[in-house]
């Protein structure tokens, strides 16, 4: 960061505090306030330290999408408060709501969590936010805030509204399967490195929602592992893009090629992260996504087949990206100065590689 370094660190620490508080709270009102408070430092980081092209538009898009979706969540919390007299999560979990009220509360909470996952068609803010955010902002955005939506489903919607969850499971299955196929195909048509990783994140997180709504031990247990794995693997890929952008000041795929001969260390790290991103057997992603497919197959074999097709498409665009960037011939007309990852950058990559891209 070449400007406002202290302010940037302050915003990052505030964001970290708020995200830790989200996962430690047991109050529904705080469950609304804290995730929305995370938007403020993220909005500032994208708007102030983001890329110069459309960072203000991306910051507003990110802020408004997530905030407007959460208004319905606030209405649901107020309705729960009127019935139970408290916003304590543990008391609310033991309260029996009528089926009609469960449906209303489930839809209200779904409007908030679907934007945060994100699910199609409310996913437009994510690629724009990733493209315009600084590298550290993209790493944190992929690592933690994207998990707030799936965490909300697992912590709030599914246990508190079981009958409504059962009623809306076909809808979740259908929308998630469409999202996986659509975003996988869209990823293969992108020309920006960050957008490729952002759209692949949408596919991975919608696979997580399929596992959660399978409502069996394989699906729910498997859905937790990809949330952890994706936070490591996707963050490592964004760091790889950040290293390339730091050297060459471009994220367009067509300007890259043959980096294995000039940046062997980064190429090796990029290869390990790509294997994990495509859920190759032996990586942490595979350990989580395989039980999801098993759990989904027990409920709906067609949805499980479509989800598996999405994984195949994920392997296709991951290998295509690696081949275009690392293999082939150098393009000296566009790239002139080359320097491999230094010791500082490799030390940053190591925790991500150990946690996400190694054999578990």
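Residue numbers (UniProt numbering): 1 to 360.
The beta-carbon is built from N, C-alpha and C at its ideal position, and this holds for glycine as well.
From residue i to residue j, what distance separates their C-alpha atoms?
i, j, result
"residue 364", "residue 231", "Examination of residue 364 is not possible in this model, given that the chain is present from 1 through 360 alone."
"residue 174", "residue 202", "15 Å"
"residue 43", "residue 166", "36 Å"
"residue 142", "residue 72", "24 Å"
"residue 253", "residue 123", "23 Å"
"residue 68", "residue 338", "45 Å"
"residue 222", "residue 153", "15 Å"
"residue 300", "residue 347", "43 Å"
"residue 237", "residue 88", "39 Å"
"residue 359", "residue 267", "With a pLDDT of only 47 at residue 359, under the threshold of 50, the placement of this residue in the model should not be trusted; the figure read from the coordinates follows. Looking at the two C-alpha atoms, the distance is approximately 19 Å."
"residue 279", "residue 294", "15 Å"
"residue 107", "residue 356", "34 Å"
Any idea which residues DSSP pairs residue i with across the strands?
i, result
"residue 252", "192"
"residue 88", "27"
From what residue to what residue does the alpha helix (DSSP H) around residue i run?
i, result
"residue 127", "125 to 132"
"residue 69", "55 to 84"
"residue 122", "Taken as a continuous stretch (DSSP letters only), residue 122 belongs to no alpha helix (DSSP H), as it is neither H nor E."
"residue 342", "Segment: none, residue 342 is in no alpha helix (DSSP H) and carries neither H nor E."
"residue 361", "Any answer about residue 361 is impossible in this case: the structure gives the chain only from 1 up to 360."
"residue 138", "135 to 143"
"residue 150", "147 to 152"
"residue 306", "301 to 326"
"residue 100", "99 to 116"
"residue 265", "264 to 277"
"residue 95", "Premise fails: residue 95 is in no alpha helix (DSSP H) and is neither H nor E."
"residue 183", "162 to 187"
So residue i packs on residue j, CB below 8 Å; how close in whole Å?
i, j, result
"residue 180", "residue 307", "6 Å"
"residue 318", "residue 233", "The pair is not a contact, with the Cβ atoms about 11 Å apart (cut-off 8 Å)."
"residue 133", "residue 257", "Not confirmed; about 26 Å, so no contact."
Have a look at the options and flag the residue whose alpha-carbon is nearest the alpha-carbon of residue i.
i, options, result
"residue 310", "205, 263, 265 and 215", "205"
"residue 127", "61, 36 and 352", "61"
"residue 119", "9, 254, 209 and 273", "209"
"residue 227", "238, 212, 240 and 217", "212"
"residue 243", "195, 26, 344 and 116", "344"
"residue 229", "293, 55 and 287", "287"
"residue 271", "133, 112 and 320", "320"
"residue 8", "40, 336, 245 and 279", "40"
"residue 351", "340, 200, 326 and 269", "269"
"residue 103", "334, 146 and 158", "158"
"residue 324", "248, 193 and 15", "193"
"residue 177", "313, 30 and 129", "313"
"residue 197", "214, 169, 235 and 207", "235"
"residue 414", "47, 78, 241 and 249", "The structure shown does not extend to residue 414, since the chain is modelled only from 1 to 360, so the question has no answer here."
"residue 85", "54, 28 and 49", "28"
"residue 349", "302, 81 and 239", "239"
Regarding residue i and the ligand MG, is the C-beta to nearest heavy atom distance less than 6 Å?
i, result
"residue 319", "Among the ligands in the structure shown, none appear at all, so the ligand MG cannot be discussed."
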